[in-house]
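Trainee: For my numbering, add 61 to where a residue sits in the sequence shown, where the first one is 1. Heads up, the beta-carbon is just placed ideally off N, CA and C, and yes, glycines get one too. Handing you this structure, nothing more for now.
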Amino acid sequence: MIGRLNHVAIAVKDIEAASAVYRNALGANVGAPFDQPEHGVKVVFIELPNTKIELLEPLGAGSPIAKFLEKAPDGGIHHVCYEVDDILVARDQLKAQGARVLGDGNPKIGAHGKPVLFLHPKDFCGTLVELEQV
Ligand code: CO
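This is the structure:
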C-alpha cells in the first residue's frame, strides 16, 4: 500500500536555529519558513536528493507539537510520511484492519497542498504515521 517516504518531520523549539544547523553544518538545501495556522505549526522544508525533512515549530496556543516538545526539549522525530496513491482506499483498508485514524477520519490538506491523514502511533510501532496522497 505505502510507497515512497515523502518526508521525516522533526519538531523543534527554534526553527531558525534548526534551519541553520541543516544549512550550515549539514550543507542541506533549506527552504524559507512559513506558517500553517490550520495545523498549528511553522514549517520549513529541506530538500534532500531522495526525500524531504520537515522542520516543525509550534505556532499559536494549543499547537499539537507543544506537548511533544515538553517531553523532548531538544526536539525529535515527530512523524514519518509515506506516499499512497489513493488516501481514501488506504484509510478504509487500514480501518478494516483495526487501525485508528486520528481526527475525524477525513483527509485534510497538508503542508504540500495534498490530502493527508495521520495514524495512531500505538498501531504503528510507536511512530506517528502521516499518509499523503500523491
Ligand atoms: Co508531515
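(1) Between V91, F95, D96, Q194, which has its C-alpha nearest V150's C-alpha?
(2) Cα-Cα, which of D146, D96, E77, P134 is closest to G64?
(3) Kindly examine the ligand CO and report whether one of its heavy atoms sits closer than 7 angstroms to the Cβ of A172.
(4) Taking only runs of the beta strand (DSSP E) that begin and end inside the segment 90 to 152, which ones reach a length of at least 3 residues, in chain order?
(5) When you compare each of T112, L155, I107 to H181 by their alpha carbons, which one comes out closest?
(6) For the candidate residues P98, F185, I107, whose alpha-carbon lies nearest to that of G123?
(7) Run through DSSP, which three-state label would Q154 get?
(8) What's the call for P110, buried or exposed, on a 16-neighbour Cβ count within 10 Å?
(9) Is H181 near the ligand PLP, with its Cβ less than 7 angstroms from a heavy atom?
Mentor: According to the structure data:
(1) Within the sequence shown, numbered from 1, the residue matching residue 150 stands at position 89. Per the Cα distances, Q194.
(2) The residue given as residue 64 occupies position 3 in the sequence shown. When each option's Cα is compared against that of G64, the closest is D146.
(3) In the sequence shown, residue 172 corresponds to position 111, counting from 1. Yes, the Cβ of A172 comes within 7 angstroms of a heavy atom of the ligand CO.
(4) 95 to 97, 102 to 108, 113 to 119, 137 to 145
(5) One-based indexing of the sequence shown puts residue 181 at position 120. Checked all of T112, L155, I107; the closest Cα to H181 is L155.
(6) Taking the first residue of the sequence shown as 1, we reach residue 123 at position 62. With distances taken between Cα atoms, G123 lies closest to P98.
(7) Against the sequence shown, residue 154 aligns to sequence position 93. Helix, per DSSP.
(8) As a first step, residue 110 must be located in the sequence shown, where it is residue number 49. Per the 10 Å Cβ criterion, exposed.
(9) Summarising the ligand content, the structure contains the ligand CO and does not contain the ligand PLP.
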